[in-house]
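So, in structure tokens, the structure goes:
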């Protein structure tokens, strides 16, 4: 065994002393070192606000950083990635992660991130946003250390409520009904309308409720009633109720058919004939003739004159103007002689 070892060493010495072999080994070494030198590349690492030039023959980004003793954290962002191939004059960017707080959907998470904007952070967390959601600060805001990001879920709801529309009661005066009497002419009916309300919730809590519209579904029908305006009285001489539509206070004078009142004598054309063409009369138990101003009381109107009785406005007179009523009496009667001009209540009756 020992002899074999010695024989091998002798052969090796003989080979190394040969000039051709020595030259071959030296050439191989030169080629190796030249190749290694040519494989070196300049790369630029941007980190912590500085740009570091590194000459390296590393093939991967992670090897470049290891060779330069540049440490990267779990959440730091490296572009291009650690397993990317190294190229000549490559720029490697390292963005250090900073702590931020994210509040959303009832959760509070403290994380480290190297993203640039709020929008990118939320996307990296898989937090989807609806168009109406609120984000503070805004999505385009830059990330800084200890930033507090708040996502508020905003939900809008439209509520339609059907409500009753009360009908109105329309009153009409009716002088055919006794005062205080009410008669339903047409029954009313309630209507319906839809009230449209917008309700806004933030994180499930109502923050706004506002009516946005209303739509009539059924129009209400007015109730129509007649209200009696026809008053009544009982004549001083007794009897049944007398219904009237209006009461006037008038100056009551007296006249007869004789010449002193009319300028006519018996036998003269028109003697004893009223403006209406009727013959004057005084009937204490019926209707008597009175003269009026037609602008105040139309001719043909039935009346009740206090202290005189029932009458019909059938005549006019030159001195009968405004609220004056001239009462007809038979000439020479005690009733006529006893009547003194005075103010009386005059009822316009039906």
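In full-length UniProt numbering, the protein residues as written are 1 to 350.
Quick reminder that beta carbons are idealized off the backbone N, C-alpha and C, glycines included.
Ranked by Cα distance from residue 236, the first of 310, 171, 260 is 310.
When 254, 347, 163 are compared, the shortest CA-CA separation from residue 334 is found for 254. Secondary structure remark: continuous beta strand (DSSP E) runs of at least 3 residues inside the region 89-156, in chain order: 91-95, 98-104, 107-113, 134-136, 147-152. Its chain contains 199, 200 as the residues whose beta carbon lies nearer than 8 Å to that of residue 206, once the 5 sequence neighbours on both sides are disregarded; these appear in chain order.
Note that the C-beta distance between residue 167 and residue 256 is not below 8 Å.
Secondary structure in the UniProt domain "G5" (151-231): the beta strand (DSSP E) runs of 3 residues or longer, each lying completely within the stretch, are 154-165, 169-178, 182-186, 191-202, 205-218 in chain order. Cβ-Cβ distances below 7 Å link residue 209 to 197, 199 in the same chain, with the five nearest sequence neighbours on each side left out; the list follows chain order. Cβ-Cβ separation between residue 86 and residue 119: approximately 32 Å, too far for a contact (criterion under 8 Å).
Where residue 334 is concerned, there is no enclosing beta strand (DSSP E), although the alpha helix (DSSP H) around it starts and stops at 334-338. The region 95-102 and the region 49-58 do not touch, with fewer than three beta-carbon pairs separated by less than 8 Å.
Between the alpha carbons of residue 148 and residue 117 lies a distance of about 13 Å. Considered as a whole, the region 232-297 harbours 259-262 as its complete alpha helix (DSSP H) runs of no fewer than 4 residues, in chain order.
In the displayed model, residue 63 falls within a helix according to three-state DSSP. Counted as a single uninterrupted DSSP element, the stretch harbouring residue 48 is not any beta strand (DSSP E), since DSSP gives it neither H nor E. Counting the other Cβ atoms within 10 Å of the Cβ of residue 113 gives 16 or more, which makes it buried.
Taken through DSSP and simplified to helix, strand or coil, residue 56 comes out as strand. Take the alpha-carbon of residue 90 and the one of residue 43: they are about 5 Å apart. Counted as a single uninterrupted DSSP element, the beta strand (DSSP E) harbouring residue 314 occupies residues 309-315.
Residue 316 and residue 350 have their C-alpha atoms roughly 21 Å apart. Between the region 157-173 and the region 214-223, the count of C-beta pairs closer than 8 Å reaches three or more; the two stretches touch. Exclusion of the five residues before and after residue 234 leaves 240, 241, 242 as the residues of its chain whose Cβ lies within less than 8 Å of its Cβ.
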